[in-house]
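Visitor: This is the structure, below, for whatever I ask next.
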Amino acid sequence: MKKLLLMVVLLIGSTSIWAETFVYIVPSGVDGGNAKWAQQFVAQWNKKLQSQGHDMVLRYIPGKKGKKGFLEWHKKYKDKDTVVVQSNGFINYLTTNGWNDFSPLDIATIGGQIQGTFVFKKTDITPGTDDAIMHIDGGAEVILDAMAVKMLACGPSLECTVPIRFVKGFKDSGERRKAFIDGMINISRDGFSHKNKTYKQEIKDGITEIWFSQGIVDTETNKIIPDPNHTESWFIDAYVAKWGEKPKGLYFEGYKQVLKMRSALGKTVFTKKDNIHYDLLVSTFNEVLADEDAMKKLTKKLGNYPWHTGETSQKLVDKIWKFCCTIDGYDEHLYQKLVNFRREFGENTEMNEAILR
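Its first residue numbered 1, the sequence shown is counted upward by one per residue in this note's numbering.
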């Protein structure tokens, strides 16, 4: 009898050790692009975890462009092996202080997907010579897209004949999208899923067009290349077609470095270093990527963008962060210029003291 009871206790103990409920923190609201990506991917990831007796639940922590979610993870869960966090707000690390000793170099990368972004405009305007109006909020890291719009519309001088009006006040992406469809603004930016949904009919009717795609970061070369879902109208090609030369200078270099960060880190999942479940999380992530049916669904919803996991992910993230997080890998002059460029759009930007140490 004692042996039987001991066996039951051991079985219960074993189950409690291995049957884990993982918490996936999304540093955004439930309706944003980051949340939609998490919902789609975790639905597939959870199937692989559940097949091994585990489970994963989403927790949304909106606020401060993703910073609030990361700080809460750092404060409460950085030592928890069952908590993972999705990248959102990492660019905020470049432009704000108050990160309470959090460092993007002190976390482990599980995996992620490279992301691309598209800029749309109404077909009846020519930005730079017509009255063009673009949002500067209502989405994550819109300033990067505004910088590209300014370069393409205004050329090397960055001075347009008719200055583009950058407006703010949109409480979320949905409100901003409606403003574009209703004609309140005539330039907008969005991701893959909305390219094929929100703007589909207007593009078909000739009212809206994809003005350019931002391109994506190449995981091997760390260079920006055309978006595989829309190779035509790449920003660099569109710029050369209009201005007869490739963009260059500090403004372009600042834009390019942040674009690499957004493309590489925008949809990436992290956890604590030395997580006892790291191999499990990476292996089940890889199981999703090897599942033909799962990938068919994800590609349809999220786009045909490259994925990365485990050691490959960590090398990519380390390469991207070397740009900003080690003084040897960072051009402080470019950093100051980037901060100044962003301030021109009304952002309360400052240089992160942790980067400058």
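Every residue gets a Cβ at the ideal spot worked out from N, C-alpha and C, and that includes glycine.
As the structure is a prediction and not an experimental result, all values here were calculated from the model.
(1) Note down, in chain order, each residue of its chain lying with its Cβ closer than 6 angstroms to the Cβ of T268, except the 5 sequence neighbours on either side.
(2) Using C-beta distances below 8 angstroms, list every residue in its chain close to R176, excluding the 5 sequence neighbours before and after it, in chain order.
(3) Looking at the structure shown, is F345 part of a helix, part of a strand, or coil, going by DSSP?
(4) Verify whether the separation of the beta carbon atoms of A146 and F118 is less than 8 angstroms.
(5) Would you kindly work out how many angstroms separate the C-alpha atoms of W307 and G155, rounded to a whole number?
(6) I'd like to check one pair, F102 with L71: are the Cβ atoms closer than 8 angstroms?
(7) Taking the Cβ atom as the reference point for each residue, do F235 and A153 lie within a distance shorter than 8 angstroms?
(8) Tell me the DSSP bridge mates of I216?
(9) Assuming L298 and Q44 are in contact, meaning their beta carbons sit under 8 angstroms apart, how far apart are those beta carbons, in whole angstroms?
(10) Starting from D279, trace the beta strand (DSSP E) in both directions and tell me its first and last residue.
(11) Rounded to the nearest angstrom, what separates S193 and L58 at their Cα positions?
(12) Could you say if the segment 197 to 208 and the segment 241 to 258 meet the contact criterion of at least three C-beta pairs nearer than 8 angstroms?
(13) Beta strand (DSSP E) containing T109: first to last residue?
(14) Taking the alpha carbon of F120 as the reference point, which residue from T208, I25, L105 has its own alpha carbon closest?
(15) List the whole-angstrom C-beta distance separating L259 from L144, where the pair is believed to meet the contact cut-off of C-beta under 8 angstroms.
(16) Tell me which same chain residues have a C-beta within less than 7 angstroms of the C-beta of D106, skipping the five on either side of it?
(17) Between V30, L49, F341, G29, which lies nearest to D279 when the distance is taken from Cα to Cα?
(18) First and last residue of the alpha helix (DSSP H) that includes Q201?
(19) Using a Cβ-Cβ cut-off of 7 angstroms (strictly less than) and excluding sequence neighbours within five positions of A19, which residues of its own chain qualify?
(20) Could you give the DSSP three-state label for P306: helix, strand or coil?
(21) From M295 to G303, what does the alpha carbon distance come to, in whole angstroms?
(22) What are the boundary residues of the beta strand (DSSP E) that includes L58?
(23) If you reduce the DSSP assignment to three classes, tell me which class H333 lands in.
(24) Since F234 sits in a beta bridge, which residues does DSSP pair it with?
(25) Let me know if T126 comes out buried or exposed under the rule of 16 or more other beta-carbons within 10 Å of its beta-carbon.
(26) Please tell me whether T82 and H277 are closer than 8 angstroms, where the distance is taken between their beta carbons.
(27) Relative to the C-alpha of G174, which candidate in K76, D227, G32 has its C-alpha closest?
(28) Only counting the same chain, and skipping five residues up and downstream in sequence, which positions put a Cβ closer than 6 angstroms to that of K168?
(29) Give me, in chain order, the residues of the same chain whose beta-carbon lies closer than 6 angstroms to that of G310; leave out the 5 immediate sequence neighbours on both sides.
(30) So Y24 and V42 are in contact, right, with Cβ under 8 angstroms, and what is the actual spacing, rounded?
(31) Would you identify the three-state DSSP class for M134, choosing helix, strand or coil?
(32) Using three-state DSSP, classify I188 as helix, strand or coil.
(33) Could you work out which residue in S51, N100, T123 is closest to A210 when comparing CA atoms only?
Guide: Considering the structure as presented:
(1) Spatial neighbours of T268 in its own chain (CB-CB distance under 6 angstroms, excluding positions within 5 residues in sequence) are listed in chain order as S87, G112.
(2) Counting only Cβ-Cβ distances below 8 angstroms, and skipping sequence neighbours, we find H135, D137, G138, G139, F170, I185, S188.
(3) DSSP places F345 in coil when its eight states are reduced to three.
(4) Going by C-beta atoms, A146 is not nearer than 8 angstroms to F118.
(5) Straight across, the Cα-Cα distance linking W307 with G155 is about 34 angstroms.
(6) Yes, they are a contact pair.
(7) For F235 and A153, no; Cβs fall outside 8 angstroms.
(8) Per DSSP, the beta-bridge partners of I216 are I225.
(9) Between Q44 and L298 the Cβ distance is about 6 angstroms, and since that is below 8 angstroms, they are a contact.
(10) In the DSSP assignment, D279 falls outside any beta strand (DSSP E) and within the unbroken alpha helix (DSSP H) covering 278 to 290.
(11) Straight-line spacing of the CA atoms in S193 and L58 works out to 20 angstroms.
(12) Touching, no, given that fewer than three Cβ pairs across the two stretches are closer than 8 angstroms.
(13) That run of the beta strand (DSSP E) goes 107 to 113.
(14) Comparing alpha-carbon positions, the option among T208, I25, L105 lying closest to F120 turns out to be T208.
(15) So it is a contact: roughly 6 angstroms between Cβ atoms.
(16) Taking C-beta separations shorter than 7 angstroms and ignoring five residues to either side along the sequence, the partners of D106 in its chain run K273, following chain order.
(17) Comparing alpha carbon positions, the residue from V30, L49, F341, G29 closest to D279 is L49.
(18) Where Q201 is concerned, the enclosing alpha helix (DSSP H) stretches over 200 to 204.
(19) Here the set comprises G53, H54.
(20) Note: P306 maps to coil in three-state DSSP.
(21) Approximately 10 angstroms, taken between the alpha carbons.
(22) According to the DSSP assignment, L58 belongs to the beta strand (DSSP E) that extends over 55 to 60.
(23) In the three-state DSSP reduction, H333 falls in the helix class (H, G or I).
(24) Looking at the sequence shown, residue 234 is not Phe but Trp. DSSP lists S213 as the beta-bridge partner residues of W234.
(25) It is exposed - the Cβ of T126 has fewer than 16 other Cβ atoms within 10 Å.
(26) Yes; because the gap between Cβ atoms is below 8 angstroms, this pair is in contact.
(27) Among K76, D227, G32, the Cα nearest to that of G174 belongs to G32.
(28) Excluding residues up to 5 positions away in sequence, I136, D137 lie with their Cβ nearer than 6 angstroms to the Cβ of K168 in the same chain.
(29) Counting only Cβ-Cβ distances below 6 angstroms, and skipping sequence neighbours, we find V282.
(30) Right, their Cβ atoms sit about 6 angstroms apart.
(31) Residue state, collapsed to three classes: strand.
(32) With the sequence shown as reference, residue 188 is identified as Ser, and Ile is not the correct amino acid for it. Looking at S188 - three-state DSSP - the assignment turns out to be strand.
(33) A small correction: the amino acid at residue 210 is Ile; Ala does not occupy that position in the sequence shown. Looking at the Cα atoms, T123 is the closest of the given residues.
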